[in-house]
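> Take this structure, written in structure tokens, and hold onto it; I'll ask about it next.
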Amino acid sequence: MSDTNLSVLLVGGTGSIGRHVARRALAAGHRVRVLTRRPDSAPAGTDAVGGDLTDPGTLNAAVDGIDAVIFTHGAPFASTSVHDVDYGGVRNILEAVGDREVRIVLMTAIGVTNRAGGYHDWKRRSERLVRASGHASTIVRPGWFDMNEDDQHSLHFLQGDRRWAGSPADGVIARSQIADVLVAALTSDAAAGKTCELVAEHGPAQQDLDPMFDALEADGPLDPPQDTANMPLADEPAEVRADLERAGAQ
Ligand SMILES: NC(=O)c1ccc[n+]([C@@H]2O[C@H](COP(=O)([O-])OP(=O)(O)OC[C@H]3O[C@@H](n4cnc5c(N)ncnc54)[C@H](OP(=O)(O)O)[C@@H]3O)[C@@H](O)[C@H]2O)c1
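The following block contains the structure:
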């Protein structure tokens with residue numbers, strides 16, 4: 129476990145997941161800065177900084193002096209802003225960070241490699257940007273929020289993203305459990321360079337997540353090795369290939 133009390137930029141900190149992450153990160157002793165278009169809505173105990181992910185000129189104050197970024201932001205499901213917010217937001221923050229080394233934890237979604245409907249493609253491309261950036265990163269793809277049964281406390285990390293039903297049959301996870309994993313990843317050396325799906329199963333909660341992070345296969349330069357290879361780089365939009373090159377893709 130690397131240390132300790134970090135200065136964390138939380139992107140999406142006013143959202144339904146981000147609020148749990150803010151509480152959990154503060155309880156772990158981190159300083160939390162929330163990037164938001166609505167500074168009055170930032171969770172108690174955090175520092176709000178005004179900014180819009182789609183407007184790069186508003187992001188410099190947010191990244192000043194940070195050690196880490198946790199991304200839990202998102203446009204409404206299937207909205208046309210997914211390109212600008214889910215993908216463009218990650219690109220714009222990475223560009224604002226520049227050459228400084230920061231720890232990155234990105235939340236996307238289970239089923240992100242299912243290309244049907246194109247709903248998830250921009251989230252998956254944001255994952256690729258993070259991996260290509262070379263920052264120590266952990267990417268967590270949670271199942272369906274807060275649909276757990278009473279005794280589903282046990283966390284399970286999966287790889288390969290093979291659950292594509294597009295319904296809670298893919299797996300469920302409590303918002304508070306997602307926050308526990310995102311904040312644990314922040315200071316876990318074992319979690320760096322790893323991607324997993326996250327679901328809850330029947331059973332007691334684990335106390336230490338490091339053995340679970342340790343058991344995960346490490347990411348390749350763009351994708352986790354077990355993912356379905358259904359997004360060839362050569363077929364990607366020119367904009368995406370240019371962003372990847374700028375981010376540092378080999
Ligand atoms: N529902 C599920 O079961 C499920 C499962 C897996 C993954 N997910 C994904 O989880 C993501 C987050 O979920 P959530 O419930 O926490 O979302 P949410 O409550 O709608 O919050 C969205 C967050 O994104 C921020 N945001 C959006 N556009 C922004 C912009 N232009 N500039 C700055 N911040 C912006 C908002 O900040 P401000 O409004 O304060 O600016 C807010 O903090 C979604 O993208 C969803 O696809 C959902």
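Note that the sequence shown covers residues 129 to 378 in this note's numbering. Think of the CB as a built atom: it goes at the ideal place given N, C-alpha and C, for glycine as much as any other residue.
Let me know if R147 comes out buried or exposed under the rule of 16 or more other beta-carbons within 10 Å of its beta-carbon.
The residue in question, R147, is buried, as its Cβ has 16 or more Cβ neighbours within 10 Å.
> Check each candidate in T236, G178, L163 and Y215 and name the one with the smallest Cα separation from F273.
The option with the nearest alpha carbon to F273 is T236.
> Distance, Cα to Cα, Y215 vs A333?
Computed Cα separation, rounded: 32 angstroms.
> What number of angstroms, rounded off, separates the C-alpha of M129 from the C-alpha of A318?
Confidence in M129 is poor, its pLDDT being 47 and thus under 50, which makes the residue's placement too unreliable to answer from.
> Taking 7 angstroms as the threshold (C-beta atoms), are T164 and T142 in contact?
Going by C-beta atoms, T142 is nearer than 7 angstroms to T164.
> With a threshold of 8 angstroms on Cβ separation, who are the neighbours of Q144 within its own chain once the five nearest residues in sequence on each side are excluded?
The sequence as given places Ser at residue 144; Gln does not occur at that position. Taken in chain order, the residues that qualify are F273 and R303.
> Taking only the alpha-carbon atoms, compute the straight-line gap between K322 and A346 and give it to the nearest angstrom.
Each residue's alpha carbon lies about 5 angstroms from the other.
> By a C-beta neighbour count over all protein chains shown, 10 Å radius and 16 as the cutoff for buried, is P352 buried or exposed?
Under this definition P352 is a buried residue.
> Near V311, what residues of its chain come up, given a Cβ to Cβ distance below 6 angstroms and the 5 sequence neighbours on each side ignored?
Correct list, in chain order: R152, A153 and A156.
> Applying the criterion that 16 or more other CB atoms from any shown protein chain within 10 Å of the CB defines a buried residue, is Q305 buried or exposed?
It is buried - the Cβ of Q305 has at least 16 other Cβ atoms within 10 Å.
> Looking at the strands, I want to know which residues DSSP matches up with M235.
Its beta-bridge partners are V268.
> Sort out for me which residues DSSP pairs G245 with in a bridge.
DSSP output for G245 lists no bridge partner at all.
> Mind checking whether H263 and V230 have CB atoms under 7 angstroms apart?
Yes. Within cutoff.
> Could you spell out the range, first to last residue, of the beta strand (DSSP E) harbouring I198?
Run containing I198: A196 to F199, per the beta strand (DSSP E) assignment.
> Excluding the 5 residues preceding and the 5 following N276 in the sequence, name in chain order all residues of the same chain whose CB lies nearer than 6 angstroms to its CB.
Excluding residues within five positions, the ones whose Cβ falls inside 6 angstroms are V300, A302 and A328.
> Please identify the residue among I221, R269, R290 and I238 whose C-alpha is closest to the C-alpha of S261.
Nearest of I221, R269, R290 and I238 to S261, Cα basis: I221.
> Report, in whole angstroms, the separation of the C-beta atoms of L286 and E325, which I expect to be a contact under 8 angstroms.
That belief holds up - the Cβ atoms of L286 and E325 are roughly 4 angstroms apart, short of 8 angstroms.
> Answer yes or no: do H158 and V177 have a C-beta to C-beta separation smaller than 7 angstroms?
No. Outside cutoff.
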